[in-house]
Every structure is written in C-alpha cells, then in structure tokens.
Amino acid sequence: MHANVDTVYESEIEKSRSVVIIGLSELNSSSAIERANYDFQNVNSSLNHLDVECVPTAVYRMGKVNSSSTRPRLIKIVFPASRYQKMAVRRAPRLRSFDPKGVFLRPSLSLEERLQYREARLAKKSCL
1 MHANVDTVYE SEIEKSRSVV IIGLSELNSS SAIERANYDF QNVNSSLNHL DVECVPTAVY
61 RMGKVNSSST RPRLIKIVFP ASRYQKMAVR RAPRLRSFDP KGVFLRPSLS LEERLQYREA
121 RLAKKSCL
C-alpha cells in the first residue's frame, strides 16, 4: 500500500513539472540518438523563445513511431522544478511568433483533465 501511494505522489510531482509540446517536426532517421538530439535541440530552441532559462530533466516523444501518420508525435518535457513548468505555460502564447508555425505548449494533463479543459474551452467559446 505504501509503495502505491509513493508512486502516485511521484507521478503528481512529475506532472507538476511537465509540459507537452505539440507540432514540432520529427526527424526521419533510423537512428534513435539522432532523433533524440534533434528533438532536444528543437525543444531548447522553443524554450529559448519563451525565455525559460533551464535545461529540461527529460525530453521524449510520446507514443510509437508511425511512418504513415502525417502529424508528429507529442513531446513531453520534464523540468527540474515546477516553477519552470508554470513559467513555460504562462509564456506559451509567445509561440505564435515562433518559427515554425503551429507549435503549441500545454501542461501535462490526464485524459480526464484534458476533457474538462476542452469542455470549459468550448463552453467559453459558445458564450462569445
């Protein structure tokens, strides 16, 4: 029971330090090291554009490689502290002026949280 509680607690801590970035292109290479380095450079370029001055603890693509998909996989970024996550999320609108276009950043959320966020966004949109 104790180990399960610790795992949930650690998961929540990591989530509070994590963001997901959408729309960064994937390198078409058979080398996993080359793809990881390419992703790390692109993530650092995005964070530099947002003036988030830290080196991420982890950067990785989520999901399996799918050569038939036209959309790049999401990238999860784990920061060393939650304050960098908050800073990145707060400054995410600056990505509108980032090249390449179509790059978005959001907090790392569970499926349930994403659905609630989407419903709130749609409700707000329908009120306008």
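Those letters in the sequence shown? Residues 1 to 128, by the UniProt record's numbering.
Glycine included, C-beta positions come from ideal geometry on N, C-alpha and C.
In DSSP terms, what residue i is bridged to
i, result
"I21", "I75, L105"
"R61", "I75"
Residue i and residue j closer than 8 angstroms at C-beta
i, j, result
"I20", "A88", "A quick correction: the sequence has Val, not Ile, at residue 20. No, the pair does not count as a contact, with Cβ atoms beyond the cut-off."
"P80", "L24", "no"
"I77", "P93", "no"
"L95", "S16", "no"
"R91", "D39", "no"
Assigned exposure category for residue i - 16 Cβ within 10 Å defines buried
i, result
"N66", "exposed"
"V8", "exposed"
For residue i, the nearest candidate out of the options (CA to CA)
i, options, result
"V59", "S108, S68, R90, P100", "S108"
Extent of the continuous alpha helix (DSSP H) to which residue i belongs
i, result
"R114", "111-127"
"S46", "32-49"
"A88", "82-91"
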